[in-house]
Amino acid sequence: MMAKRNIIITGGAGFIGSHVVRLFVNKYPEYKIINLDKLTYAGNLANLKDVENKPNYQFVRMDICDFEAFYDLMQREKIDGIIHLAAESHVDRSIKDPFTFAKTNVMGTLSLLQAAKLYWESLPEKYEGKRFYHISTDEVYGALKMNHPEGVEPPFKTVASSEGHKAYGDEFFYETTKYNPHSPYSASKASSDHFVRAFHDTYGMPTIVTNCSNNYGPYQFPEKLIPLFINNIRHRKPLPVYGKGENVRDWLYVEDHARAIDLIFHEGKVAETYNIGGFNEWKNIDLIQVMIKTVDRILGNPEGHSLDLITYVTDRLGHDARYAIDSTKLQQELGWEPSLQFEEGIEKTVRWYLDNQEWMDNVTSGDYMTYYEQMYDNR
Ligand code: NAD
Ligand code: DAU
Numbered sequence: 034m035m036a037k038r039n040i041i042i043t044g045g046a047g048f049i050g051s052h053v054v055r056l057f058v059n060k061y062p063e064y065k066i067i068n069l070d071k072l073t074y075a076g077n078l079a080n081l082k083d084v085e086n087k088p089n090y091q092f093v094r095m096d097i098c099d100f101e102a103f104y105d106l107m108q109r110e111k112i113d114g115i116i117h118l119a120a121e122s123h124v125d126r127s128i129k130d131p132f133t134f135a136k137t138n139v140m141g142t143l144s145l146l147q148a149a150k151l152y153w154e155s156l157p158e159k160y161e162g163k164r165f166y167h168i169s170t171d172e173v174y175g176a177l178k179m180n181h182p183e184g185v186e187p188p189f190k191t192v193a194s195s196e197g198h199k200a201y202g203d204e205f206f207y208e209t210t211k212y213n214p215h216s217p218y219s220a221s222k223a224s225s226d227h228f229v230r231a232f233h234d235t236y237g238m239p240t241i242v243t244n245c246s247n248n249y250g251p252y253q254f255p256e257k258l259i260p261l262f263i264n265n266i267r268h269r270k271p272l273p274v275y276g277k278g279e280n281v282r283d284w285l286y287v288e289d290h291a292r293a294i295d296l297i298f299h300e301g302k303v304a305e306t307y308n309i310g311g312f313n314e315w316k317n318i319d320l321i322q323v324m325i326k327t328v329d330r331i332l333g334n335p336e337g338h339s340l341d342l343i344t345y346v347t348d349r350l351g352h353d354a355r356y357a358i359d360s361t362k363l364q365q366e367l368g369w370e371p372s373l374q375f376e377e378g379i380e381k382t383v384r385w386y387l388d389n390q391e392w393m394d395n396v397t398s399g400d401y402m403t404y405y406e407q408m409y410d411n412r
């Protein structure tokens, strides 16, 4: 029987957070799971309709920068675990508005750390049985070179866990890779990672940091490549490919990330860093072709019907060439591995967005924001 725990999951109304909340609420009926979210444009409680009435689930609308309110909540609910996902998460937005990223991602994280420190240090058992788990990104490591030699067939790298892996270079991000963030988003995430580690090194707080590759799957806000393009293909809108579409991203199905978070929260070693990724690199343009093919097939369009939607546009400023995570440590030390092959994951994802047009329409029209503004601000 699992010990009872009182956990706050920040950013639980967002894309990854909603999958983590769902997993924890269903798997741990004896826990109290508090979803703490400000409900920015990216937060949507409709992502959690299937668990919102469960007795072990509670939603609290709060800004992570609100130190006093967070401290009070920790005290009131006797919180012993924090899984921190709340963040501004979109690189393009960070290029336009870096201040919001510094405020939420850096100051917000610091505010949570300081409140947790004050509360936990006030307890007789102090940090015993406590955990502050910070969810971060592979983008903090910078960008890798694309130096896959011509004519070399995959697998390019020959460690057991990456068998069959198609790599676009011989470098990977390891837990020991030096931080080298480029975008305002990744700079803000890197800064927050450093603060989390500083709270372990300085005060002895039991922290863990994980750095994950690009996630895909249901409930992702359609500013990100995969949901945006699936929706545009469906509505025969242009597909804005940045630059030449040659950049490489390493994709992981979101439920596999959520399973890794569950495992690491419970079994990960304090003060450790774990990289999370599925050894699944794709050039953007190749991935876009797969999405076009899949959507066209499911909608019954002739093959190649939507290829004319591809529109090459000005590149993202400072666009990182390639990300590729090595998650061997997590696989070997904790026994995690991705459950889905990419072909299966992308098929599931395309079908989900096509089957959930109402969710997509609400998100793109902003109706859900109006609904929740009324519901939570007028109480
Ligand atoms: P998202 O943008 O979909 O969701 C972010 C959530 O945080 C939203 O619900 C939003 O309302 C909430 N939020 C934002 N500012 C807040 C604030 N000040 N106070 C309280 N809540 C606030 O993001 P996501 O893609 O689900 O990413 C979640 C976390 O995982 C982020 O920390 C991100 O850096 C990290 N991450 C994301 C990916 C990815 O591919 N999406 C990969 C690796 C790591
Ligand atoms: O690597 C992890 C990161 O992955 C997370 O930390 C971020 O929160 C998450 O947003 C994601 O960042 P990316 O910038 O890689 O994701 P995005 O979906 O914005 O873009 C994926 C790739 O597609 C990238 O090379 C840019 C390109 N792109 C994106 C959009 C939105 C396009 O070519 N056209 C587009 O319209």
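Each residue of the sequence shown is one higher than the one before, starting from 34 at the first, in my numbering. Note that the Cβ used here is the ideal one computed from N, Cα and C, for glycine as well.
**Request:** Look at the alpha carbon of residue 124 and the alpha carbon of residue 265, and state the distance between them as a whole number of angstroms.
**Result:** Numbered from its first residue, the sequence shown carries residue 124 at position 91. Numbered from its first residue, the sequence shown carries residue 265 at position 232. Between residue 124 and residue 265, the C-alpha separation is close to 20 Å.
**Message:** Using a Cβ-Cβ distance cut-off of 8 Å, determine whether residue 391 contacts chain E.
**Reply:** No chain E appears in the structure shown, which is made up of a single protein chain.
**Message:** Give the list of continuous beta strand (DSSP E) stretches no shorter than 3 residues that lie fully inside the segment 199-274.
**Reply:** 240-245, 247-249
**Request:** Consult DSSP for residue 328 and reduce its assignment to one of helix, strand or coil.
**Result:** Within the sequence shown, the letter at position 295 stands for residue 328. For residue 328, the three-state secondary structure derived from DSSP is helix.
**Prompt:** Rounded to a whole number of angstroms, what is the C-alpha to C-alpha distance between residue 191 and residue 74?
**Reply:** Stepping through the sequence shown from its first residue, residue 191 is reached at position 158. Stepping through the sequence shown from its first residue, residue 74 is reached at position 41. The pLDDT assigned to residue 191 is 41, lower than 50, so where the model puts this residue is not dependable; a value taken from the coordinates is nonetheless given after this. Going by the C-alpha atoms only, they are around 42 Å apart.
**Item:** Reference residue 299, options 104, 349, 235, 162, closest by Cα
**Value:** In the sequence shown, counting from the first residue as 1, residue 299 sits at position 266. Selected option, being the one with the closest Cα: 162.
**Request:** Work out the CA separation of residue 321 and residue 258 for me, nearest whole Å.
**Result:** Within the sequence shown, numbered from 1, the residue matching residue 258 stands at position 225. Within the sequence shown, numbered from 1, the residue matching residue 321 stands at position 288. Between residue 258 and residue 321, the C-alpha separation is close to 9 Å.
**Request:** For the alpha helix (DSSP H) holding residue 152, just list the boundary residues, first then last.
**Result:** Start at 1 with the first residue of the sequence shown, and residue 152 comes out as number 119. Per DSSP, residue 152 belongs to the alpha helix (DSSP H) from 142-154.
**Request:** Tell me whether residue 170 sits in a helix, a strand or coil according to DSSP, three-state version.
**Result:** For the purposes of this step, residue 170 is taken as the residue at position 137 of the sequence shown. Strand.
**Request:** Go ahead and pull the three-state DSSP assignment for residue 113.
**Result:** Taking the sequence shown and counting its residues from 1, one reaches residue 113 at position 80. Three-state DSSP puts residue 113 in coil, outside helix and strand.
**Message:** Among the candidates 60, 365, 96, whose CA atom is the shortest distance from the CA of residue 88?
**Reply:** Here residue 88 is taken as the residue at index 55 of the sequence shown, counted from 1. Nearest option by C-alpha distance: 60.
**Request:** Can you grab the Cα-Cα spacing for the pair residue 396 / residue 385, in whole Å?
**Result:** As a position in the sequence shown, residue 396 is number 363, starting the count at 1. As a position in the sequence shown, residue 385 is number 352, starting the count at 1. Answer to the nearest angstrom: the Cα atoms are 15 Å apart.
**Request:** Output the residue ranges of the alpha helix (DSSP H) runs that lie fully inside the segment 304-352 and measure 4 residues or longer, sorted by chain position.
**Result:** Fully contained in the segment 304-352 are the following alpha helix (DSSP H) runs of length 4 or more, in chain order: 317-332.
**Asked** Where the beta carbon is closer than 6 Å to any heavy atom of the ligand DAU, which residues qualify, in chain order?
**Response** In chain order, the hits are 122, 123, 124, 170, 171, 172, 246, 247, 257, 258, 261, 273, 274, 275, 280, 282, 317, 349, 356.
**Prompt:** Thinking just about the alpha-carbon of each residue, which of 79, 151, 119 is nearest to the one in residue 108?
**Reply:** Residue 108 sits at position 75 when you count from the first residue of the sequence shown. For the residues 79, 151, 119, the minimum Cα distance to residue 108 belongs to 151.
**Prompt:** Between which two residues does the beta strand (DSSP E) containing residue 284 stretch?
**Reply:** As a working note, residue 284 is residue 251 in the sequence shown. Run containing residue 284: 281-286, per the beta strand (DSSP E) assignment.
**Prompt:** Helix, strand or coil: how does DSSP classify residue 59 here?
**Reply:** Start at 1 with the first residue of the sequence shown, and residue 59 comes out as number 26. Reduced to three states, the DSSP call for residue 59 is helix.
**Beta-carbon proximity check, residue 201 vs residue 376, cutoff 8 Å** = By one-based count along the sequence shown, residue 201 stands at place 168. By one-based count along the sequence shown, residue 376 stands at place 343. Cβ distance not < 8 Å, so residue 201 and residue 376 don't count as in contact.
**Prompt:** On the three-state DSSP scale, how would you describe residue 419?
**Reply:** The displayed coordinates of the chain run from 34 to 412. Any statement about residue 419 would go beyond what the structure contains.
**Prompt:** Is the segment 92-104 in contact with the segment 141-156, if contact means three or more CB pairs nearer than 8 Å?
**Reply:** yes
**Euclidean distance between Cα positions of residue 297 and residue 367** = Here residue 297 corresponds to residue number 264 of the sequence shown, with the count starting at 1. Here residue 367 corresponds to residue number 334 of the sequence shown, with the count starting at 1. Approximately 8 Å between the Cα atoms of the pair.
**Request:** Using only alpha-carbon positions, find the residue among 149, 117, 154, 153 that is nearest to residue 137.
**Result:** Counting from one through the sequence shown, the residue named residue 137 turns up at place 104. Of 149, 117, 154, 153, the residue nearest in Cα terms is 117.
**Prompt:** In its own chain, which residues sit with a C-beta less than 6 Å from the C-beta of residue 318, not counting the 5 before and 5 after it?
**Reply:** Mapped onto the sequence shown, residue 318 falls at position 285. These residues qualify, in order along the chain: 278.
**Request:** May I ask you to report which of helix, strand or coil DSSP gives residue 188?
**Result:** As a first step, residue 188 is located in the sequence shown; it is residue number 155 there, counting from the start. Residue placement at residue 188 cannot be trusted, given a pLDDT of 48 that sits under 50; what the coordinates show is reported in the next sentence. Residue state, collapsed to three classes: coil.
**Supposed close pair residue 122, residue 217 - CB separation, criterion 8 Å** = In the sequence shown, the residue the question calls residue 122 occupies position 89. In the sequence shown, the residue the question calls residue 217 occupies position 184. Not a contact, Cβ separation roughly 12 Å.
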